[in-house]
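Step one of this worksheet: look at the structure below.
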Amino acid sequence: MIEIDRTHLEYLLGVEEKKFHQEHQKSYELYQRSRKSLQGGVPMLWMIRWAGTFPIFVKEGKGAHFVDVDGNEYIDFCLGDTGAMTGHAPDKTIEAITNQVKKGITYMLPTEDVIWVGEELQKRFGLPFWQFTLTATDANRFAIRMAREITQRKYILVYNYCYHGTVDETFITINADGPGPRRGNLGPPINPIETSKVIEFNDITALKQALLPGDVACVLAEPVMTNIGIIHPDPGYHDALRRFTKETGTLLIIDETHTICTGPGGYTGAFGLSPDMLTLGKPVAGGVPAAIYGFSKEIAERFHARLNLEDSDVGGIGGTLAGNALSIAAMRATLEHVLTDSAYKKAIDLSIRFTHGVESIIDKFRLPWIVKRLGCRSEYWFRETPPKNGGEAFAAIDSELDRYMHLYSLNHGVLMTPFHNMALIAPVTSISDVDYHTKVFRDAVIGLIGK
Ligand SMILES: Cc1ncc(COP(=O)(O)O)c(C=O)c1O
1426 MIEIDRTHLE YLLGVEEKKF HQEHQKSYEL YQRSRKSLQG GVPMLWMIRW AGTFPIFVKE
1486 GKGAHFVDVD GNEYIDFCLG DTGAMTGHAP DKTIEAITNQ VKKGITYMLP TEDVIWVGEE
1546 LQKRFGLPFW QFTLTATDAN RFAIRMAREI TQRKYILVYN YCYHGTVDET FITINADGPG
1606 PRRGNLGPPI NPIETSKVIE FNDITALKQA LLPGDVACVL AEPVMTNIGI IHPDPGYHDA
1666 LRRFTKETGT LLIIDETHTI CTGPGGYTGA FGLSPDMLTL GKPVAGGVPA AIYGFSKEIA
1726 ERFHARLNLE DSDVGGIGGT LAGNALSIAA MRATLEHVLT DSAYKKAIDL SIRFTHGVES
1786 IIDKFRLPWI VKRLGCRSEY WFRETPPKNG GEAFAAIDSE LDRYMHLYSL NHGVLMTPFH
1846 NMALIAPVTS ISDVDYHTKV FRDAVIGLIG K
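Take 1426 as the starting number for the sequence shown in the working numbering and just add one per residue.
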């Protein structure tokens, strides 16, 4: 197996940084200006956490491609970290948005489109009742609140190194001295051990132990972990999860926000899961802010029994702009015309090609890396064997190597998802886009190991 020469890696990073600076002069100028009015020079903190020393400013994008203000063109495998999984500005969504904008954006009243959407969600995910929010974070927060209210239990259960949005209860990890706040948790309202339990993914014994006392309102789970690399469940894990949650009266919330890459009904639809609740955001309205959460008839009835409509506007669930006419019109068009069976088939086939391309380079150069795929999402990780859980995956993070692969790709017109080495394929990505990535990946590796 190949060892990475760290001095050489440092040198390469210097070379790529210089190239990045030279080729992004206009972005650099804009960044200098934006720093005077925006914290960190960006509208949202994560936008500064890219591999370059400053963010590139986007001019425009369409489909799987975009152009920056310096005129550099990119193949976009980040796709707004799943928000633009449909490809940028899909025609049918744009048409619906344009029509709706002229008829009003938000009323705090339903429009007829929402009924079509609710019925479509029933078919895709098998749950009968739906509600809408603007972000997946909110969908998760509201689902958790419903679960707590119904069960009158204190804790939620999450997996080590999960990510479900900025939901306070989920920022808990298994640390050297036991469960505690996740590193970097900013201004937590309370130590998350007061609200949450945390276990490793794929650990059935830990799952049983955590649920047995009967004090967990819900398990909030990605069906396949995607935010610490792609980690698949062991065979039988989901059966055990469903069985133990049922046996202990714990509700099961499946978060499909990233695993919607599996197919039109997410992992739930593709693998026949039967959660009590399901959440999904990001691409569901083609990039327009919108998210959903759905639940079973039993949950709907139990919740309704505890709901006092008089107080519902201050109950901690809901939002003024949630379910607005524009988001709903965009969601209807996206579900009806863009995130279709045939679009998934095309994107998944391309993702298989992408994964094979990366795998062939890993094999050829005997790199101690792996690549994993879920639907139209593919990700490589710097360890020899697939991790079984978040703790193992976290231990393999190599920030320098990560930065080099990202920056090299960016300098050669390929945008990968930051914070991981993840590539999402849109239905409008092309074979040549995918093959170009394989070439760039190969060249980056050759630079790294000097062959
Ligand atoms: C699985 C999962 N759930 C929820 C979220 C939150 O999405 P948003 O930031 O759009 O609220 C994310 C964001 O990355 C996610 O990966």
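Backbone N, C-alpha and C define an ideal beta-carbon position, used for all residues, glycine too.
From a predicted model like this one, the values you see are computed outputs, not experimental measurements.
Reference residue i, options the options, closest by Cα
i       : options                               : result
Ile1500 : Ala1848, Thr1507, Ala1851 and Val1839 : Val1839
Ala1646 : Phe1626, Ile1773 and Met1533          : Phe1626
Lys1602 : Gly1612, Asp1593 and Ile1618          : Here residue 1602 turns out to be Asp, not Lys, going by the sequence shown. Closest by alpha carbon: Ile1618.
Leu1582 : Tyr1436, Thr1675 and Val1865          : Thr1675
Lys1622 : Ile1773, Lys1633 and Gly1612          : Lys1633
C-beta atoms of residue i and residue j nearer than 7 Å
i       : j       : result
Val1716 : Thr1558 : Note that residue 1716 corresponds to Ala in the displayed sequence, not to Val. For Ala1716 and Thr1558, yes; Cβs fall inside 7 Å.
Arg1578 : Ala1631 : no
Phe1567 : Ala1725 : no
Ala1755 : Ala1521 : yes
Pro1708 : Ile1679 : no
Tyr1580 : Asp1640 : yes
Leu1703 : Phe1491 : no
His1589 : Thr1598 : no
Leu1832 : Ala1476 : yes
Thr1518 : Thr1687 : no
Ile1653 : Phe1502 : no
Tyr1769 : Pro1689 : yes
Separation of residue j from residue i, as counted between CA atoms
i       : j       : result
Leu1470 : Leu1463 : 10 Å
Gly1800 : Leu1546 : 19 Å
Phe1844 : Gly1609 : 14 Å
Asp1563 : Thr1682 : 12 Å
Pro1700 : Gly1543 : 17 Å
Met1571 : Leu1746 : 20 Å
Glu1809 : Val1796 : 10 Å
Gly1541 : Ile1753 : One point to set straight first is that residue 1541 is Trp, not Gly, in the sequence displayed. Looking at the two C-alpha atoms, the distance is approximately 10 Å.
Leu1628 : Leu1636 : The sequence given here has Asp at residue 1628, not Leu. About 13 Å.
Ile1871 : Met1472 : 29 Å
Ala1821 : Gln1525 : 47 Å
Ile1786 : Lys1813 : 23 Å
Endpoints, the alpha helix (DSSP H) within which residue i is located
i       : result
Gln1556 : First-last for Gln1556: Phe1554 to Thr1558, but that is the beta strand (DSSP E), not the alpha helix (DSSP H).
Leu1434 : Arg1431 to Glu1448
Arg1867 : Ile1856 to Ile1874
Residue i - containing beta strand (DSSP E), residue span
i       : result
His1490 : His1490 to Asp1493
Leu1677 : Leu1676 to Asp1680
Tyr1499 : Glu1498 to Asp1501
Asn1600 : Ile1597 to Asn1600
Phe1728 : From DSSP, Phe1728 is part of no beta strand (DSSP E) but of the alpha helix (DSSP H) over Lys1722 to Arg1731.
Ile1621 : Here residue 1621 is Ser; the residue named in the question, Ile, does not match the sequence. Counting along the chain, the beta strand (DSSP E) containing Ser1621 begins and ends at Ser1621 to Ile1624.
Val1583 : Tyr1580 to Tyr1584
Own chain, CB closer than 8 Å to residue i, minus 5 neighbours either side, in chain order
i       : result
Lys1722 : Pro1553 and Phe1554
Val1859 : Leu1775, Arg1778, Phe1779, Gly1782 and Ile1850
His1433 : Leu1873 and Gly1875
Neighbourhood of residue i by C-beta, 7 Å cutoff - its chain only, sequence neighbours within 5 removed
i       : result
Gly1512 : Gly1488, Ala1489, Ala1851, Pro1852 and Val1853
Asp1506 : Thr1842
Own chain residues within Cβ distance below 6 Å of residue i, not counting five before or after
i       : result
Ile1655 : Lys1797, Leu1799 and Glu1804
Trp1794 : Ile1787, Tyr1805 and Phe1807
Below-7 Å beta-carbon distance, residue i vs any chain B residue
i       : result
Ala1730 : Protein chains in the displayed structure number just one, and chain B is not present.
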